[in-house]
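Q: The sequence shown lines up with residues 2 to 101 when you count with my numbering. Could you have a look at this structure, given as structure tokens, before my questions?
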Amino acid sequence: MKLGLPAGVFGAYLFDCDGTVADSMPLHYIAWTKSLAEWNCTFDEKLFYAWGGRPVAEIISLLNEQQRLSMQVGRGFPERRLVSRIAAAAQGCAGSAGAY
2 MKLGLPAGVF GAYLFDCDGT VADSMPLHYI AWTKSLAEWN CTFDEKLFYA
52 WGGRPVAEII SLLNEQQRLS MQVGRGFPER RLVSRIAAAA QGCAGSAGAY
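Shown next, in the form of structure tokens:
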């Protein structure tokens with residue numbers, strides 16, 4: 002992913018990779034629901050926020066138990082697509098037409 006910077010001279014750049022400055026959780030929710038849909042798995046938004054900060058493997062394990070699925074982290078669950086969908090959702094929010 003290549004970031005475009007606005008023209009001008011800046012004294013510093015701020016990279017918010019954990020959502021402290023900008024609330025990126027809605028983008029993560031979009032990416033999660035689209036990725037999980039490939040497995041016919043649903044993820045309630047309230048539950049998504051309640052489980053915020055948990056490792057991906059733990060979330061997948063809990064969803065498997067709840068919905069009687071057999072997603073496997075790293076061997077079937079599309080983690081790379083999850084990451085790319087978060088980036089695409091972010092681009093969409095910035096005004097570009099990103100497909101996610």
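Note that beta-carbon positions come from the ideal geometry of N, C-alpha and C, so glycine has one too.
#1: By alpha-carbon positions, which one of L28, D24, G53 ends up nearest to R115?
#2: With DSSP collapsed to three states, give me the class of V57.
#3: Using the three-state DSSP reduction, which class does A8 fall into: helix, strand or coil?
#4: Since L83 and W33 should fall inside the 8 angstroms C-beta cutoff, what is the C-beta to C-beta distance between them, to a whole number of angstroms?
#5: Under 9 angstroms between the Cβ atoms of R17 and A23?
#6: Within its chain, find whatever has a CB closer than 8 angstroms to the CB of L70; leave out the 5 residues flanking it on each side and keep chain order.
#7: In terms of alpha-carbon separation, which member of F49, F44, S36 lies closest to A89?
#8: What does the alpha-carbon distance come out to for the pair F49 and Y30?
#9: Should A95 go down as buried or exposed, given a rule of 16 or more other Cβ atoms within 10 Å for buried?
#10: Ignore the nearest five residues each way along the sequence and tell me which others in S97's own chain have a CB closer than 6 angstroms to its CB.
A: In short:
#1: Nothing can be reported for residue 115: it is not among the residues displayed for the chain, which extend from 2 to 101.
#2: Helix, per DSSP.
#3: Residue state, collapsed to three classes: coil.
#4: Confirmed, about 7 angstroms.
#5: Correcting the residue identity first, residue 17 is Asp in this sequence and not Arg. In terms of Cβ geometry, D17 and A23 form a close pair [threshold 9 angstroms].
#6: Cβ neighbours of L70 beyond the five flanking positions: W40, N41, C42, L64.
#7: Of the candidates F49, F44, S36, the one whose C-alpha sits nearest the C-alpha of A89 is S36.
#8: Linking F49 to Y30 through their CA atoms gives a straight-line distance of about 7 angstroms.
#9: Confidence at A95 is low in this model, with a pLDDT of 48, below 50, so its placement is unreliable and no value can be given for it.
#10: Any reading at S97 must be qualified, since the residue scores a pLDDT of 36, below 50, and its modelled position is unreliable; the value itself is stated next. Contacts found: none.
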